[in-house]
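Novice: In the numbering used here, the protein residues as written are 16 to 328.
Each residue gets a CB set at the ideal place from its N, CA and C atoms; glycine is no exception.
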Amino acid sequence: MIVPLSEGHEKNRSLIGGKAKNLSTLMKLGISVPNGFIVSSSAFLNFIKANRLGSQINHYMKTMSNPYIKINELFQSHTIPSDLEKEIKEAYDNLTFSHDIINVSVRSSASAEDLQDQSFAGQYETCLNIGSFDRLLKSIKKCWASVWSDQALQYLHTVNIDIKEVKISVLVQAMVQADTSGVAFSINPVTLSYDEIIINASYGLGEPIVSGLITPDLFIISKHDHKILHKELGLKEFKLVGQADGTKETPTSEQEIKSFSLNFDQINRITNITKKIEHYYQYPVDIEFTVKENEINVLQVRPITTVKGVVQS
Ligand SMILES: Nc1ncnc2c1ncn2[C@@H]1O[C@H](COP(=O)(O)OP(=O)(O)OP(=O)(O)O)[C@@H](O)[C@H]1O
Ligand SMILES: [Mg+2]
């Protein structure tokens, strides 16, 4: 029921979800991705079955318009079957001891037969910088319960997909205490120019950027010769940083607001990584990345679904 992230590329998407499968593929390509493991969708089903939660979930679904809080309470008040918990503990100990890290991120990795991963953007829970095994178990249950979150249910209703088709897995990864994070697009998603790479970046962890809570710095780069065609300082209203267990919002300093959050060398390397990933998939992609002491890690890759067609190289 647990799959090492490094082995995810050979597993079924419905078992480990799109996010984990794509990241594992990048690892295989030699791109830096924080190490981790996947609590597969069969673990999720095992938890519900072992605790006989099906009829209670159905009851909440029938009687409440927003059942998420109740279902999360239900999940938190039941224990993960001991053999599954043991497997998770082993994987967690391996990750934290062997890599000398303490904190992890706990990220939902969803899939459904008829939907691309992109369609699930931002729907399910993410818990960053989790600092203990006990909190890890709580966070896994939170990710599972977010299948019934208000926005996720509404979305499924809009696209006419039965909730039973949704498979939820959870990706647990070593936490990078990022200096700067951001998103890169292998084409210009606004003009649809295939000759440009767009990078949005800001200080700290990337969640406020991907959730649209802050205005990041913007860089437009020529895909051909990596020249910076345009750059614009963002307001970078605040930054999210790790604390002992969890994260906190802190103000961005005057100096940080006045400075670009990426230097030329970092922009160049992110451009190279983005091009490499686009070349591998043969279609336009967006990636989520993080920079720590000059090391660049990729945290997600998705097709840009607003464009059709294959990338010309
Ligand atoms: N291990 C990690 N180390 C550092 N930052 C991380 C880590 N895991 C996640 N993050 C940050 O949190 C951001 C959000 O996480 P995640 O991609 O799981 O959720 P989301 O982008 O809000 O929704 P989704 O990707 O499910 O549509 C990532 O883009 C990344 O910046
Ligand atoms: Mg994401």
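Is E269 near ligand 1, going by C-beta to nearest heavy atom under 7 Å?
Specialist: For ligand 1, not one heavy atom lies less than 7 Å from the Cβ of E269.
Novice: Can you tell me where the alpha helix (DSSP H) with D108 in it begins and where it stops?
Specialist: First-last of the alpha helix (DSSP H) with D108: 97 to 113.
Novice: Measuring CB atoms only, is the segment 192 to 200 touching the segment 68 to 87, in the sense that at least three cross pairs come out at less than 8 Å?
Specialist: Counting Cβ pairs under 8 Å, fewer than three are found: no touch.
Novice: Which same chain residues, not among the five before or five after F284, have their C-beta less than 8 Å away from its C-beta?
Specialist: For the record, residue 284 in the displayed sequence is Arg; it is not Phe. The residues are I311.
Novice: When you compare the CB positions of F279 and L248, do they come within less than 8 Å of one another, or not?
Specialist: No, Cβ-Cβ distance for F279 and L248 is not below 8 Å.
Novice: If you reduce the DSSP assignment to three classes, tell me which class T230 lands in.
Specialist: Residue state, collapsed to three classes: coil.
Novice: Following a CB-centred definition, is V225 positioned closer than 7 Å to any heavy atom of ligand 2?
Specialist: True, at least one ligand heavy atom lies under 7 Å from that Cβ.
Novice: Is F253 near ligand 1, in the sense that its beta carbon is under 7 Å from a heavy atom of that ligand?
Specialist: Because no heavy atom of ligand 1 lies under 7 Å away, the Cβ of F253 does not count as near it: no.
Novice: Identify whether N215 lies in helix, strand or coil by the three-state DSSP scheme.
Specialist: Three-state result, N215: strand.
Novice: What do you get for V325, buried or exposed, if any count of 16 or more other CB atoms within 10 angstroms of its CB means buried?
Specialist: Because the pLDDT at V325 is just 49, under 50, the model does not fix this residue reliably, and the value given afterwards should be weighed accordingly. Flag for V325 reads exposed.
Novice: With a 10 Å radius around its C-beta and 16 neighbouring C-beta atoms as the bar for buried, classify G33 as buried or exposed.
Specialist: So G33 counts as buried.
Novice: Does the Cβ of E303 lie closer than 7 Å to at least one heavy atom of ligand 2?
Specialist: Flag set: Cβ of E303 near ligand 2.
Novice: For T267, which of helix, strand or coil comes out of DSSP?
Specialist: Coil at T267, not helix or strand.
Novice: Would you tell me roughly how many angstroms separate the C-alpha atoms of W163 and M79, rounded to the nearest one?
Specialist: One C-alpha to the other measures close to 11 Å.
Novice: For F304, count the other beta carbons within 10 Å of its own beta carbon; 16 or more makes it buried, fewer makes it exposed. Which is it?
Specialist: By the neighbour-count rule (16 or more Cβ atoms within 10 Å), F304 is buried.
Novice: Based on DSSP bridge pairs, tell me the residues matched to D301.
Specialist: In the DSSP output, where bridge partners are listed per residue, D301 has F200, R317.
Novice: Closer than 8 Å is the cut-off here; do at least three beta carbon pairs connect the segment 252 to 261 with the segment 216 to 235?
Specialist: Contact holds: three or more Cβ-Cβ distances are below 8 Å.
Novice: Measure the alpha-carbon distance for T289 versus P299 and round it to whole angstroms.
Specialist: If you take the alpha carbons of T289 and P299, they lie about 9 Å apart.
Novice: In this structure, does DSSP put H241 in helix, strand or coil?
Specialist: H241: coil per DSSP, three-state reduction.
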